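Novice: Starting off with a structure, shown below.
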Amino acid sequence: MLRFVLLIIGFFHLPAWAAKSNLHLMPYPHSITLEEGTFNASMPLRVYLPNLSKQRSQYLKRQLRDTFSNIRFTQKMGRADIIFEITGTSALHPSINQNESYQLAVTPKGIKIHASQYWGINYALQTLRQLAYQFPSQIPAMIIDDTPRFAWRGLMIDSARHFIPLDDIKRQIDGMVSAKLNVLHWHLTDDQGWRFASVNYPKLQQLASDDQYYTQAEMAEIVAYASVRGVRVIPEIDLPGHASALAVAYPEFMAKPGPYTMERGWGVFKPLLDPSNPNTNVFIKHIIEELAAIFPDPYVHIGGDEVKPDHWLESEAVLAYMQAQGLNSAVALHNHFNLKVQSLLSAHNKVLMGWDEIFQPALNNAVVIQSWRGFDSLTQLTNAGHKGVLSAGFYIDQPQYTSYHYRNDPMPQKPITQDAIDHDAQWQAWQFTISRLKGSPVTGHFALAANNNNNQIGYVAINGRQLIAIEQLETLANVTRFDIDTWMGPVRFSFVKNQPEQSQILIGNTPYEHDISALSDVPKLNPTQFATMSNAEAAKRILGGEATIWTELVMPYNLDLRIWPRLYAIAERLWSPQSLQDEQQMYQRLKTLDQFAVQRIGLKHQAQHQQGLAALSVQGDVDALKRFSQLVEQAQYYTRHHVKYQQNLYHQLAPLAALVDFLPAESLYLRQWHLHLQTNDTPTRYLTLQNAYQSWLADIPKLKTTFAQSSTLAALQPMLAQHQKSIQLGLQVLTYCQNQSRSADINALRAEIWQHTHRYGELILAVNHLTESILDSCFMQQGATPSIN
1 MLRFVLLIIG
11 FFHLPAWAAK
21 SNLHLMPYPH
31 SITLEEGTFN
41 ASMPLRVYLP
51 NLSKQRSQYL
61 KRQLRDTFSN
71 IRFTQKMGRA
81 DIIFEITGTS
91 ALHPSINQNE
101 SYQLAVTPKG
111 IKIHASQYWG
121 INYALQTLRQ
131 LAYQFPSQIP
141 AMIIDDTPRF
151 AWRGLMIDSA
161 RHFIPLDDIK
171 RQIDGMVSAK
181 LNVLHWHLTD
191 DQGWRFASVN
201 YPKLQQLASD
211 DQYYTQAEMA
221 EIVAYASVRG
231 VRVIPEIDLP
241 GHASALAVAY
251 PEFMAKPGPY
261 TMERGWGVFK
271 PLLDPSNPNT
281 NVFIKHIIEE
291 LAAIFPDPYV
301 HIGGDEVKPD
311 HWLESEAVLA
321 YMQAQGLNSA
331 VALHNHFNLK
341 VQSLLSAHNK
351 VLMGWDEIFQ
361 PALNNAVVIQ
371 SWRGFDSLTQ
381 LTNAGHKGVL
391 SAGFYIDQPQ
401 YTSYHYRNDP
411 MPQKPITQDA
421 IDHDAQWQAW
431 QFTISRLKGS
441 PVTGHFALAA
451 NNNNNQIGYV
461 AINGRQLIAI
471 EQLETLANVT
481 RFDIDTWMGP
491 VRFSFVKNQP
501 EQSQILIGNT
511 PYEHDISALS
521 DVPKLNPTQF
531 ATMSNAEAAK
541 RILGGEATIW
551 TELVMPYNLD
561 LRIWPRLYAI
571 AERLWSPQSL
581 QDEQQMYQRL
591 KTLDQFAVQR
601 IGLKHQAQHQ
611 QGLAALSVQG
621 DVDALKRFSQ
631 LVEQAQYYTR
641 HHVKYQQNLY
651 HQLAPLAALV
661 DFLPAESLYL
671 RQWHLHLQTN
681 DTPTRYLTLQ
691 NAYQSWLADI
701 PKLKTTFAQS
711 STLAALQPML
721 AQHQKSIQLG
731 LQVLTYCQNQ
741 SRSADINALR
751 AEIWQHTHRY
761 GELILAVNHL
771 TESILDSCFM
781 QQGATPSIN
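Using full-length UniProt numbering, the first residue of the sequence shown is number 1, and each one after it goes up by one.
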């Protein structure tokens with residue numbers, strides 16, 4: 001049998017300096033020292049700014065006026081209450097090597113901000129704005145010394161699948177700055193649209209954009225807007241694949257003759273540029289010249305992912321070209337193509353960037369590879385000498401818990417290595433299959449044991465992927481439960497050891513059909529299943545991370561709702577010390593930032609939620625609908641995409657105006673109730689919850705009327721009936737928790753909760769997860785201790 005040695009990790013906590021401060025800042029600064037006294041921010045304030053360009057000076061002044069109600073600007077430093085000081089010079093445009101550190105000192109006599117470059121004082125101002133929001137009259141005295149953990153902290157916005165207007169892009173940039181993000185990765189072309197207006201190739205915007213594109217002046221406007229805010233703009237033009245729209249405009253550059261029509265479906269398609277055609281090189285050369293004239297950043301993203309080789313391998317010209325170049329596979333041809341693009345970029349002092357699939361040793365080590373495939377890929381490419389940016393785990397087009405993104409880190413610290421295995425402990429193993437709505441099932445096994453200290457340990461082996469440690473394992477009555485983070489999101493296994501067919505597996509908030517069965521022997525582990533560690537030099541080549549908002553299910557009217565406020569948590573992971581890990585505390589700060597983002601930054605996620613509900617409710621009770629919307633969630637992972645695929649609605653023309661389209665990624669309202677359970681260990685917590693459940697039950701008649709008169713909501717009436725039963729079940733659980741005898745069968749109650757936790761199309765009755773958490777809390781009050789026996 002195997003013995004598996006794991007570090008057993010308990011709850012994460014804030015470092016001492018952060019736990020004491022109780023400051024609702026995101027991203028949290030590197031260092032804070034609290035001092036005596038406060039600064040009176042309500043009095044008339046004089047502000048001194050250093051000598052800056054007109055654009056930068058106006059930008060800072062506008063933010064300061066939005067922050068403080070009574071300020072004026074002075075050119076005499078000695079008379080100022082708030083002083084900004086820069087000791088060095090700053091470039092015209094932000095760059096990857098810019099110095100973003102700053103010091104902010106708040107004393108009873110004044111506020112002083114010091115930085116070596118403009119970018120630092122801008123970020124100091126973002127911190128000051130958050131402080132002034134939390135403490136509008138008296139700001140506590142403190143000294144903040146702050147610097148980012150990673151140089152690359154980005155957001156990718158996909159304007160190709162659904163077009164995003166300029167004002168919406170600018171608003172996201174404003175939000176990014178408030179979160180100290182510094183890279184806007186702008187995805188401008190894809191199969192469903194070419195949004196980059198070309199001078200040399202005008203048919204791109206005329207035939208392949210549905211008349212929705214950015215002029216070169218508009219793109220330059222975004223670059224200028226972002227630059228003064230310290231945000232680099234990196235364009236992405238997909239080459240050689242994701243080229244269906246390009247093929248409509250210029251079929252002569254494609255490996256397979258046209259004609260082509262605009263692609264409306266979502267997915268991966270076959271059209272590819274023809275590398276054997278000399279005119280293809282001319283086309284790419286001209287596009288790069290146009291990009292270089294607009295975007296000053298040295299990096300240009302070419303995509304390079306999901307290249308289906310069919311059209312290459314079906315083309316006699318391409319096959320002859322491969323033979324002439326000594327290329328024996330489509331992969332070799334793709335590598336050859338990337339090297340040619342790299343050469344064309346180098347002529348304009350531009351550096352190639354792309355997704356995992358462009359990785360090859362022959363590429364220049366300056367190339368940045370963005371990883372959507374995860375840590376294994378990121379480790380491989382950085383160990384090989386390339387620079388890397390992590391996006392796996394930061395895909396915010398998927399609805400996911402903010403805590404999942406928060407745990408995701410470009411530098412994983414808990415890999416399972418082969419050295420951690422020996423052959424002493426008694427292990428048990430179970431195999432599992434998770435049936436997905438689209439694609440092949442997820443299969444594997446998990447193994448559990450107790451080490452010599454009687455600590456519960458284990459791992460999950462998902463076929464084709466590296467092992468995942470089980471860090472916390474608990475048994476609640478007849479259910480053994482553990483959580484792991486995967487490429488799909490957080491996965492919770494709740495299994496009944498002696499009756500595994502009665503188990504539950506959640507991907508995020510969504511139950512998935514599955515099979516679990518005991519194994520007589522623990523499967524042997526292949527060496528490839530263990531993590532490959534980054535060497536010390538490779539770790540330095542991890543530049544940071546990027547959140548991604550792909551727009552298959554996103555429109556301008558719900559863009560903010562899909563991004564905010566959870567992007568603050570991702571920004572914190574990329575800026576703040578790695579030791580900052582307390583998820584409960586993160587959610588408490590996020591609650592404040594949720595309001596700050598609306599009231600001070602002008603983000604529209606709350607307004608988009610409210611406006612969507614108002615449109616759906618027609619003349620019904622929109623307040624009751626809003627309360628209901630806080631108890632349901634989008635089905636997480638790619639469940640929504642897969643449901644639409646099954647319904648033949650997975651395309652560009654499908655309507656996106658149902659209730660699910662106006663919900664946030666997770667209900668922060670429900671999250672606060674989960675936190676209430678964890679942090680309020682008093683008898684009144686159940687009474688408080690009971691009052692809440694009764695108020696939710698009282699909304700049911702109002703909701704029935706509202707659903708009946710709305711053609712869109714009417715389809716959800718069966719879910720509403722189930723919701724009523726779920727609330728009644730919650731009240732039954734609360735009665736159980738408040739009854740000292742607790743004679744009810746906890747296992748039967750849990751099984752009933754699971755029966756209620758169904759997926760209704762693209763929606764989940766997430767209140768059932770709260771009900772189960774209530775059941776867990778009162779079970780643990782009985783003095784139960786985790787066990788795998």
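Yeah, the Cβ is synthetic: ideal placement off N, Cα and C, and Gly gets one too.
As the structure is a prediction and not an experimental result, all values here were calculated from the model.
Residues in its own chain within less than 6 Å of Glu552 by CB, not counting five upstream and five downstream?
Specialist: Arg161 and Trp266
Novice: To which residues does DSSP link Asp146 through a beta bridge?
Specialist: The secondary-structure analysis by DSSP pairs Asp146 across a beta bridge with Tyr102.
Novice: Looking only at its chain, what residues have a beta carbon closer than 6 Å to the beta carbon of Ala220, apart from the 5 residues adjacent to it on each side?
Specialist: Contacts found: Ile294.
Novice: How is the beta strand (DSSP E) around Ile83 delimited, first residue to last?
Specialist: Ile82 to Ile86
Novice: Consult DSSP for His651 and reduce its assignment to one of helix, strand or coil.
Specialist: Reduced to three states, the DSSP call for His651 is strand.
Novice: Identify the continuous beta strand (DSSP E) that holds Asn40 and give its terminal residues.
Specialist: Ser31 to Asn40
Novice: Do you know how far the Cα of His651 is from the Cα of Tyr637?
Specialist: 18 Å
Novice: Quick one: using the 10 Å Cβ neighbour count with 16 as the cut-off for buried, is Asn691 buried or exposed?
Specialist: By the 16-neighbour rule on beta-carbons within 10 angstroms, Asn691 is exposed.
Novice: Expressed to the nearest angstrom, what Euclidean distance is found between the alpha-carbon atoms of Gln360 and Gly458?
Specialist: 35 Å
Novice: Tell me the DSSP secondary structure of Ala708 in three-state form.
Specialist: helix
Novice: Let me make sure I understand the geometry here. Which of Val479, Val643 and Leu381 has the alpha-carbon closest to that of Ile358?
Specialist: Leu381
Novice: Any chance the stretch 87-97 sits against the stretch 557-576, with 3 or more Cβ pairs inside 8 Å?
Specialist: Judged by Cβ distances under 8 Å, the stretch 87-97 makes no contact with the stretch 557-576, as fewer than three pairs qualify.
Novice: Quick check on DSSP: helix, strand or coil for Ala429?
Specialist: strand
Novice: Counting only the same chain and skipping the five closest in sequence on each side, list residues whose C-beta sits under 8 Å from that of Leu675.
Specialist: Gln584, Tyr587 and Gln588
Novice: Which value, in whole angstroms, describes the spacing of the CA atoms of His445 and Trp754?
Specialist: 23 Å
Novice: Measuring alpha carbon to alpha carbon, tell me which residue in Ala449, Lys438 and Trp430 is nearest Ile462.
Specialist: Trp430
Novice: Thinking C-alpha only, which one of Tyr123, Pro257 and Gly612 is nearest Phe84?
Specialist: Of the candidates Tyr123, Pro257 and Gly612, the one whose C-alpha sits nearest the C-alpha of Phe84 is Tyr123.
Novice: Which class does Tyr395 belong to by DSSP, given the choice of helix, strand or coil?
Specialist: strand
Novice: Smallest Cα separation from Pro30: which of Pro410, Ala539, Thr127 and Asp623?
Specialist: Per the sequence shown, the amino acid found at residue 30 is His instead of Pro. For His30, the nearest C-alpha among the options comes from Thr127.
Novice: Where does Ala41 land, buried or exposed, given buried means 16+ other C-beta within 10 angstroms?
Specialist: buried
Novice: Span of the alpha helix (DSSP H) holding Thr280?
Specialist: Residues Pro278 to Ile294.
Novice: Taking DSSP's pairing of strands, which residues face Phe375 in a bridge?
Specialist: Looking at the DSSP assignment, Phe375 forms no beta bridge with any residue, so it has no partner.
Novice: Tell me whether the stretch 705-714 and the stretch 725-740 touch, counting them as touching only if at least three CB pairs, one residue from each stretch, are closer than 8 Å.
Specialist: no
Novice: Less than 8 Å between the beta carbons of Arg149 and Ser777, yes or no?
Specialist: no
Novice: Hey, Arg759 and Pro490: beta-carbon distance below 8 Å or not?
Specialist: no
Novice: Let me check understanding here. Comparing Cα to Cα, which of Thr592, Phe337 and Gln728 lies closest to Ala362?
Specialist: Phe337
Novice: Do you know how far the Cα of Gln428 is from the Cα of Gln400?
Specialist: 31 Å
Novice: Count the CB pairs spanning the stretch 376-390 and the stretch 529-545 that are closer than 8 Å, and state whether there are at least three.
Specialist: Counting C-beta pairs closer than 8 Å gives three or more between the stretch 376-390 and the stretch 529-545, which meets the contact rule.
Novice: Could you give the DSSP three-state label for His756: helix, strand or coil?
Specialist: helix
Novice: Per DSSP, what are the beta-bridge partners of Ala220 in this structure?
Specialist: Paired residue(s): none; Ala220 is not in a bridge.
Novice: Pick out whichever of Thr38, Val282 and Gln709 has its Cα sitting closest to the Cα of Met142.
Specialist: Thr38
Novice: So Leu616 and Leu663 are in contact, right, with Cβ under 8 Å, and what is the actual spacing, rounded?
Specialist: With 8 Å as the limit, Leu616 and Leu663 do not qualify as a contact, their Cβ atoms being about 11 Å apart.
Novice: Quick check: what's the CA-CA separation for Ile86 versus Lys112?
Specialist: Near 11 Å, if we compare the C-alpha coordinates of Lys112 and Ile86.
Novice: Name, in chain order, the residues that DSSP records as bridge partners for Pro275.
Specialist: Its beta-bridge partners do not exist; DSSP assigns none.
Novice: Taking only runs that begin and end inside the stretch 179-258, name each unbroken alpha helix (DSSP H) of 4 or more residues, in chain order.
Specialist: 203-207, 216-228 and 244-249
Novice: Checking 8 Å against the spacing of the C-beta atoms, do Lys203 and Tyr250 come in under that value?
Specialist: Contact flag set, yes.
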